[in-house]
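2 protein chains.
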Amino acid sequence: MGLFIGNILTERLLGKVGVLSSKEKILNEAIILFAEKGYPGLSMRQLATAANISVAAIYHHFPDKNALYLDAIQYAFSGKELVFARVWESEGTPEEKLARFIRSLLEVMQQDRNFHRLIQREIMEADPERMQLLAQSVFNKQFCLLMQLANELAPDQDAHLVATSIISLVKNYIEYQPLNKNFPGRKPEHEQPEVIAAHITGLLLNGLKK
Amino acid sequence: MGLFIGNILTERLLGKVGVLSSKEKILNEAIILFAEKGYPGLSMRQLATAANISVAAIYHHFPDKNALYLDAIQYAFSGKELVFARVWESEGTPEEKLARFIRSLLEVMQQDRNFHRLIQREIMEADPERMQLLAQSVFNKQFCLLMQLANELAPDQDAHLVATSIISLVKNYIEYQPLNKNFPGRKPEHEQPEVIAAHITGLLLNGLKK
DNA sequence: GTCTATATGGCGATAGAC
DNA sequence: GTCTATCGCCATATAGAC
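In order, the protein sequences belong to chains A and B. Quick note on the working numbering: the first sequence kicks off at 271 and runs consecutively. Quick note on the working numbering: the second sequence kicks off at 271 and runs consecutively.
1. Classify arginine 456 of chain A as helix, strand or coil using the three-state DSSP reduction.
2. Would you say the beta carbon of phenylalanine 332 of chain B comes nearer than 8 angstroms to a heavy atom of the ligand HEM?
3. Determine whether the Cβ of glutamate 445 of chain A lies closer than 9 angstroms to any Cβ atom of chain B.
4. Straight-line CA distance for threonine 280 of chain B to proline 458 of chain B?
5. Output needed for lysine 295 of chain B: all residues of its chain with C-beta closer than 8 angstroms, excluding positions within five of it in sequence on either side, in chain order.
6. Whole angstroms is fine: what's the gap from tyrosine 443 of chain A's alpha carbon to alanine 327 of chain B's?
7. Quick one: which chain A residues come within Cβ less than 8 angstroms of leucine 415 of chain B?
8. Under three-state DSSP, which class holds aspartate 341 of chain A?
9. What does methionine 394 of chain A touch in chain B if you count any residue whose Cβ is under 9 angstroms from its own?
10. For a contact meaning CB atoms closer than 7 angstroms, what does leucine 404 of chain A contact in chain B?
11. Taking only beta-carbon atoms, is valine 432 of chain B less than 9 angstroms away from chain A?
12. Any C-beta of chain A sitting closer than 9 angstroms to the C-beta of histidine 469 of chain B?
13. Going by alpha carbons, who is nearest to glutamine 380 of chain A out of A/Leu475, A/Ile470, A/Leu474, A/Lys441?
14. What residue range does the alpha helix (DSSP H) around phenylalanine 354 of chain A cover?
15. For leucine 376 of chain B, count neighbouring Cβ atoms within 10 angstroms of its own Cβ and tell me buried if that reaches 16, exposed if not.
16. Assuming glycine 311 of chain B and proline 398 of chain A make a contact with CB atoms under 8 angstroms, what is their CB distance in whole Å?
17. By Cβ distance below 8 angstroms, which residues in the same chain neighbour serine 292 of chain A in space, the five residues on each side in sequence not counted?
18. Helix, strand or coil, according to DSSP, for serine 324 of chain A in the structure here?
19. Measure the Cβ-Cβ separation of leucine 473 of chain B and glycine 477 of chain A and say whether it is below 9 angstroms.
20. Would threonine 363 of chain B be called buried (16 or more neighbouring beta carbons within 10 Å of its own) or exposed?
21. Could you name the residues of the same chain whose beta carbon sits closer than 8 angstroms to that of leucine 416 of chain B, not counting the 5 residues immediately before and after it, in chain order?
22. Isoleucine 275 of chain B: buried (16+ other C-beta within 10 angstroms of its C-beta) or exposed?
23. Could you check where the alpha helix (DSSP H) with tyrosine 443 of chain B kicks off and where it finishes?
24. Taking the alpha helix (DSSP H) that phenylalanine 371 of chain A falls in, what are its first and last residues?
25. Between which two residues does the alpha helix (DSSP H) harbouring lysine 293 of chain A extend?
26. Enumerate in chain order the residues of its own chain whose CB-to-CB distance from valine 378 of chain A is below 6 angstroms, with the five nearest sequence positions on each side excluded.
27. Quick check: what's the CA-CA separation for alanine 467 of chain B versus serine 348 of chain A?
28. Considering just the uninterrupted stretch of the alpha helix (DSSP H) at lysine 411 of chain B, what are its terminal residues?
29. Going by Cα to Cα distance, which pick from B/Asn450, B/Gln402, B/Pro463, B/Leu431 is closest to glutamate 461 of chain A?
30. So which residues on chain A does asparagine 384 of chain B lean against when the C-beta distance must stay under 8 angstroms?
31. Is the shortest distance between the beta-carbon of leucine 303 of chain B and the beta-carbons of chain A less than 9 angstroms?
32. Of all the options B/Leu297, B/Gln402, B/Ile302, B/Asp426, which has the alpha carbon lying nearest to the alpha carbon of histidine 386 of chain B?
33. Roughly how many angstroms lie between the CA atoms of leucine 284 of chain A and histidine 469 of chain B, to the nearest whole one?
34. Measure the Cβ-Cβ separation of glutamate 464 of chain B and arginine 356 of chain B and say whether it is below 9 angstroms.
35. Assign asparagine 450 of chain B to buried or exposed, taking buried as 16 or more other Cβ atoms, counted over all protein chains shown, within 10 Å of its Cβ.
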């Protein structure tokens, strides 16, 4: 038992049966609030209030604010890789796999907005060490599989650039939604994942044709 | 004379002959530091030090931190529209215009990183009122012209979605550079604007073809 | 228009009781 | 493991002299 104290996965399982440890409660609130306000924008007092605990109790579980932030990010990232497993394991042509990947990525990003905003803030800070950690421990496998797919779809093109383009297209539809509401030509269906997914997939597979 | 005190454009002109007013000095530093650290991350003391002035002097020019921030954003945005004028006024096929637009956007974003980061932070905050201001007073004309071009290139597709895709592709190559360094398949030429521009243009005009 | 000095409060972090 | 109380510092913002 003592061996598992502090193990996030154990706490996740506890969470699934409705028992949230204090540490997990803190981390859950931290993910939401760091995503919303950013690192300097969230005070330990605000977090303590949100988690319904005292500031001193937070410092019992985490040595300082920075360590808590890093833990929260790791916690938010854990398990995300599994979402795409079914995409890569599924049967079908490369074109079908691309459509499925785009659809899945879009759903993950739109459903878990806190995850998306946390990543976005991290990328914006662009700290080299943290970028390396993020790339290697979170996204590396997915990026490689996407490059493989890109290579099947367009062997003559640069797989790294193609993979980046695919991710860019999906990510920015989510990100630009609040801004794009204010531009002409906006239609209600532009917020529906299937419409966006169809557009992106079509664009990639056919380009712009008259 | 008194009429022009506080007029940013006047101060810009003064700036061009090497005379920076204190207010302009503050705004210039504010753009850099807000872009780097974000609103809560930058203190008035740090800004005062960077602008080589006292905190009280800043409060002589701006009523409070928030007003200063909004002024800094407006200041950073002023004049950006002119950059693309030559793209839209130039002669050539729609395909050539697209290539030129992509190239210009890429250059503006890569050269003026502070501008890019300020916008990015604003979009991430996603405050509805500020999104409206940003869309209408800064990007509206460009977006409309880009939609027109999209319509010429692909009349059967949704111009709003196509325009968003084009911007997404360009913006994220800049944004992902620090992260992408850590993925396999990375090549040095992936940081050259002309290589990126060629890839994006090709992707849009031809799609992924075997 | 700029300064020094200061008011007032929130910040991260800790001490020590229970 | 959680609390109340508190430390020392830095935050935004202001007062008033020059």
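Beta carbons: idealized from backbone N, C-alpha and C, even for Gly. Here the structure is a predicted model, which means the values were calculated and not measured.
On the basis of the data shown:
1. coil
2. Absent from the structure shown: the ligand HEM. Ligands present: none.
3. yes
4. Confidence at threonine 280 of chain B is low in this model, with a pLDDT of 45, below 50, so the placement of that residue is unreliable and no value is reported for it.
5. Ala321, Asn322, Ile323
6. 42 angstroms
7. Result: empty, since nearest Cβ-Cβ is about 11 angstroms, beyond 8 angstroms.
8. helix
9. Gly308, Arg387, Gln390, Arg391, Met394, Glu445
10. Leu449
11. yes
12. yes
13. A/Lys441
14. Where phenylalanine 354 of chain A is concerned, there is no enclosing alpha helix (DSSP H), given that its DSSP letter is neither H nor E.
15. buried
16. In fact, because the Cβ distance is near 18 angstroms, the residues do not count as touching under 8 angstroms.
17. Ala321, Ile323, Ala327, His331
18. coil
19. yes
20. exposed
21. Phe371, Ala433, Ile436, Ile437
22. Caution is warranted here: a pLDDT of 35 is assigned to isoleucine 275 of chain B, below 50, making its placement in the model unreliable, and no coordinate value can be reported.
23. 429-445
24. 364-381
25. 292-307
26. Val353
27. 35 angstroms
28. 410-423
29. B/Leu431
30. Those do not exist, as asparagine 384 of chain B stays about 13 angstroms from chain A at its closest Cβ, beyond 8 angstroms.
31. no
32. B/Ile302
33. Confidence is the limiting factor: at leucine 284 of chain A the pLDDT is only 49, short of 50, which leaves the residue's position unreliable, though a coordinate-based value still follows. Using only the alpha carbons, I get a separation of about 48 angstroms.
34. no
35. buried
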